[in-house]
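S.K.:
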Amino acid sequence: MPRLLAALLLLLPVAARAEGGMPQLDFSTPLTTSQVVWGAIIFVVLYILASRFALPQVGAVLNERAAHIARDLETARAAKAEADAAVAELTLATREAHAGAQAEIARALEQAKAAAAEQAAGLNAKLDAQIAEAERRIAAARNAALGALGQVASETAHAVVGRLTGASIDGPAVDRAVAAALAARRAPAA
Amino acid sequence: MAANSSIDALGQFRLHTALGPLGASVNFTQSNLFMVVAGALTLGLLWLGMRPRAMVPGRFQAAAEMAYEFVQSMCVDTIGPEGRRFFPFVFTLFFFVLFGNLLGVWPYDFTFTSHIAVTLAMALFVVILVTVVALRIHGLHFFSYFMPAGVPVALAPLLIPIEIISYLSRIISLSVRLFANMMAGHVMLEVFGAFVIMLGGAGVLGLLPAAVSLGVDVILIGFEILVASLQAYVFALLTCIYLHDAVHLH
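Chains A and B, in that order, are what the protein sequence lines are. When we follow my numbering, the leftmost residue of the first sequence carries the number 78, and every step to the right adds one. When we follow my numbering, the leftmost residue of the second sequence carries the number 3, and every step to the right adds one.
Here you go:
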């Protein structure tokens, strides 16, 4: 507004000098109104050309681009969903494989343990049998040795008595004495 | 242009016929010639710019698309979704006025928007269009526009004339704003331009004031480009606001 006022202040003395005032308000010439008539014709032609031909062309390009972008976005979204599904599937498969492997390991471990236990039991039984056999053999040898001991003792007693006394002694009496002595010896040991 | 002591600042607005005897026979003025140039520039921007129809636009196509989207968003933001119907009209109006204003800044060009008859005709058309649109959409209910809801009936004799006057004064405000801005700018350009010639021819003492006047004119040219764009925008935006009122009745 101050700008307008300044312009009008500048304008006033100039306008006063100009012949017939402002040309814009000079209606004595037909050109002032004829320019409006021509202006209306030009504007209408411009409007028709712009609204029928020029603007729809721009709109078509813009719509086409918007559709293209929407389509590309849709494709990208679908690809992302597909990738997500693949990743989920992969995760699931990995987890399943992991669990399967774990079960397999546990089973193998169990089997190995059972086999080891079985083998140890078999070995133990064999050893036990061998020990029992050895013990039996020892006992038999001992018994045999002990049986032979009575005879040796009787013969020794015969010889000792014969040498000492020079007399021949009654066999069965010596045998009985030896057996009694042996029995007496063995009793505390047994 | 300037003869010794008198500055003919208004001579630039004087109309004369263009295009030789043919134009003279139908009173085709230089004002109309520049209207044709403004229209050709508008259509040229769209046609030549959109010729590649490229998915990724070049500079010229981007300019055409920006022009389209600028006016479209102005219509839709101001009027609402119904604004699409008025988009071609607002587009034509905006670029007609914009190129008219900008062409006028170019030396020797005529500014048809500096003629009150032209701006008044445009403003009159806008207001008539707005009224027709309002009557089409709302019928006789449109007249409730002059009596806002919730106002005491006792105020009606005062309020209704005021509303009617303010409605009709749109014609004046719309046309005089554009006309006065364009005319004032061109008068100032002419006056300072005449100062340059008068003072520059007045001798050594006049050289410095002449240089200052020339500098002022350079600044004024830049200012005029701003005013030319701004006034075209204001004209189109006010048209949109009036159309919004017509579509929505407040």
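Beta carbons are placed, not taken as given, at the ideal position from N, Cα and C, and that holds for glycine.
Would the region 146-165 of chain A and the region 132-139 of chain B be scored as touching if the rule is three or more Cβ pairs under 8 Å?
M.R.: no
S.K.: Closer than 7 Å by C-beta to A234/B: which residues in its own chain qualify, once you throw out the five before and the five after it? Chain order, please.
M.R.: Residue 234/B sits at position 232 when you count from the first residue of the second sequence. Hits under 7 Å: F96, V99, L100, N103.
S.K.: Quick check: what's the CA-CA separation for L12/B versus L191/B?
M.R.: As a working mapping, residue 12/B is identified with position 10 in the second sequence. As a working mapping, residue 191/B is identified with position 189 in the second sequence. L12/B and L191/B: Cα-Cα distance of roughly 11 Å.
S.K.: Checking the sheet assignment: what are the DSSP bridge partners for T31/B?
M.R.: Numbered from 1 along the second sequence, position 29 holds the residue referred to as residue 31/B. Its beta-bridge partners are T19/B.
S.K.: Using 8 Å for Cβ pairs, my map puts V128/B next to T241/B. What's the rounded Cβ distance?
M.R.: Taking the first residue of the second sequence as 1, we reach residue 128/B at position 126. Taking the first residue of the second sequence as 1, we reach residue 241/B at position 239. Here V128/B really is in contact with T241/B; their C-beta atoms are around 5 Å apart, less than 8 Å.
S.K.: Using a Cβ-Cβ cut-off of 8 Å, state whether L139/A counts as contacting chain B.
M.R.: What you label residue 139/A is simply residue 62 of the first sequence in a count that begins at 1. For L139/A, at least one C-beta of chain B is nearer than 8 Å to its own C-beta.
S.K.: Can you tell me whether DSSP reads E212/A as helix, strand or coil?
M.R.: Position 135 of the first sequence, counted from the start, is the residue given in the question as residue 212/A. If DSSP states are grouped into helix, strand and coil, E212/A belongs with the helices.
S.K.: Drop a sphere of 10 angstroms on the beta-carbon of I208/A, count the other beta-carbons inside from all chains shown, and report buried for 16 or more, exposed for fewer.
M.R.: Here the question's residue 208/A lines up with position 131 in the first sequence. Label assigned to I208/A: exposed.
S.K.: Report the rounded CA-to-CA distance for L17/B versus T94/B, giving the unit in angstroms.
M.R.: Numbered from 1 along the second sequence, position 15 holds the residue referred to as residue 17/B. Numbered from 1 along the second sequence, position 92 holds the residue referred to as residue 94/B. In this structure, the CA atom of L17/B is about 24 Å from the CA atom of T94/B.
S.K.: Return the CA-CA distance between F194/B and G60/B, expressed in angstroms with no decimal places.
M.R.: Indexing the second sequence from 1 puts residue 194/B at position 192. Indexing the second sequence from 1 puts residue 60/B at position 58. If I take the Cα positions, the gap works out to 41 Å.
S.K.: Tell me whether W115/A is buried or exposed, calling it buried when 16 or more other Cβ atoms sit within 10 Å of its Cβ.
M.R.: The count along the first sequence starts at 1 and reaches residue 115/A at position 38. Classification for W115/A: buried.
S.K.: Taking CB distances under 8 Å as the criterion, tell me whether F68/B reaches chain A.
M.R.: The count along the second sequence starts at 1 and reaches residue 68/B at position 66. Reading off the sequence shown, one finds Met at residue 68/B, where the question assumed Phe. Taking Cβ atoms only, chain A never reaches closer than 8 Å to M68/B, which makes this a no.
S.K.: With distances taken between CB atoms, is the gap from I227/B to F181/B smaller than 8 Å?
M.R.: Counting from one through the second sequence, the residue named residue 227/B turns up at place 225. Counting from one through the second sequence, the residue named residue 181/B turns up at place 179. Not in contact: I227/B and F181/B (Cβ atoms no closer than 8 Å).
S.K.: Just to confirm before moving on: does the CB-CB distance between L245/B and F144/B stay below 8 Å?
M.R.: For the purposes of this step, residue 245/B is taken as the residue at position 243 of the second sequence. For the purposes of this step, residue 144/B is taken as the residue at position 142 of the second sequence. The answer is no: Cβ separation not under 8 Å.
S.K.: Are there 16 or more other CB atoms within 10 angstroms of the CB of V253/B, so buried, or fewer, so exposed?
M.R.: Because chain B here runs from 3 to 252, residue 253/B falls outside it and cannot be looked at.
S.K.: Between R55/B and chain A, is any beta-carbon pair separated by less than 8 Å?
M.R.: Position 53 of the second sequence holds residue 55/B. Answer yes: the Cβ-Cβ gap between R55/B and chain A drops below 8 Å somewhere.
S.K.: Using the beta-carbon count (16 or more within 10 Å), is Y110/B buried or exposed?
M.R.: In the second sequence, the residue the question calls residue 110/B occupies position 108. Label assigned to Y110/B: exposed.
S.K.: So, under 8 Å CB-CB, M37/B and Q134/A are touching, yes? Tell me the CB distance rounded to an integer number of Å.
M.R.: Within the second sequence, numbered from 1, the residue matching residue 37/B stands at position 35. Within the first sequence, numbered from 1, the residue matching residue 134/A stands at position 57. M37/B to Q134/A, Cβ: 23 Å. No contact.
S.K.: So, is the C-beta of I341/B closer than 8 Å to a C-beta in chain A?
M.R.: A query on residue 341/B cannot be resolved here, the shown segment of chain B reaching from 3 to 252 and no further.
S.K.: Here's a check: name, in chain order, each residue in its chain whose Cβ is nearer than 8 Å to the Cβ of Y70/B, leaving out the five neighbours to either side.
M.R.: Translated into the one-based positions of the second sequence, residue 70/B becomes position 68. Excluding five sequence positions before and after Y70/B, the CB atoms of its chain that fall closer than 8 Å to its own CB belong to L48, F93, given in chain order.
S.K.: Taking a contact to mean a Cβ-Cβ separation below 8 Å, would you say A40/B touches L105/B in this structure?
M.R.: Position 38 of the second sequence, counting from 1, holds the residue named residue 40/B. Position 103 of the second sequence, counting from 1, holds the residue named residue 105/B. Yes, Cβ-Cβ distance for A40/B and L105/B is below 8 Å.
S.K.: As an exercise, report each continuous alpha helix (DSSP H) stretch of at least 4 residues that is fully enclosed by the region 142-204 of chain B, in chain order.
M.R.: 158-202
S.K.: Over the uninterrupted alpha helix (DSSP H) stretch that includes Q74/B, give me the two end residues.
M.R.: Position 72 of the second sequence holds residue 74/B. Taken as a continuous stretch (DSSP letters only), the alpha helix (DSSP H) holding Q74/B covers 61-81.
S.K.: When you compare each of I166/B, G82/B, M124/B, F72/B to F237/B by their alpha carbons, which one comes out closest?
M.R.: Walking along the second sequence from the start, residue 237/B turns up at place 235. The option with the nearest alpha carbon to F237/B is M124/B.
S.K.: Rounded to whole angstroms, what is the Cα-Cα separation between M3/B and F197/B?
M.R.: Along the second sequence, one-based indexing puts residue 3/B at 1. Along the second sequence, one-based indexing puts residue 197/B at 195. Note that M3/B has pLDDT 40, beneath the 50 cutoff, so the model's placement of it is unreliable and the number below is only indicative. Their Cα atoms are separated by approximately 11 Å.
S.K.: Anything in chain B within Cβ reach of S111/A, meaning under 7 Å, just list it in chain order.
M.R.: Here the question's residue 111/A lines up with position 34 in the first sequence. Chain B residues near S111/A: N29, T31.
S.K.: Output, in chain order, the set of chain A residues within a Cβ distance shorter than 7 Å of L17/B.
M.R.: The residue you call residue 17/B lines up with position 15 of the second sequence. Within 7 Å Cβ-Cβ: P100, T106, L108, T109, Q112.
S.K.: Quick test of your reading: A2/B and G202/B, contact by CB under 8 Å. State the CB separation rounded to the nearest angstrom.
M.R.: Given a span of 3 to 252 for chain B in the structure shown, any question on residue 2/B remains unanswerable.
S.K.: If you count every other CB in all the chains shown that lies within 10 Å of the CB of R172/B, and 16 or more means buried, which is it?
M.R.: To locate residue 172/B, count along the second sequence from 1; it is residue 170. It counts as buried.
S.K.: By DSSP, does S105/A sit in helix, in strand, or in coil?
M.R.: Position 28 of the first sequence, counted from the first residue, corresponds to residue 105/A. Correct three-state label for S105/A: coil.
S.K.: Would DSSP call G243/A helix, strand or coil?
M.R.: Reading the first sequence from its first residue, position 166 is the one you call residue 243/A. Three-state result, G243/A: coil.
S.K.: Here's a check: name, in chain order, each residue in its chain whose Cβ is nearer than 6 Å to the Cβ of V189/B, leaving out the five neighbours to either side.
M.R.: Working through the second sequence from its first residue, we reach residue 189/B at position 187. A11.
S.K.: DSSP on F120/A, reduced to helix/strand/coil?
M.R.: Numbered from its first residue, the first sequence carries residue 120/A at position 43. If DSSP states are grouped into helix, strand and coil, F120/A belongs with the helices.
S.K.: Quick test of your reading: Q63/B and F112/B, contact by CB under 8 Å. State the CB separation rounded to the nearest angstrom.
M.R.: Indexing the second sequence from 1 puts residue 63/B at position 61. Indexing the second sequence from 1 puts residue 112/B at position 110. Not a contact, Cβ separation roughly 31 Å.
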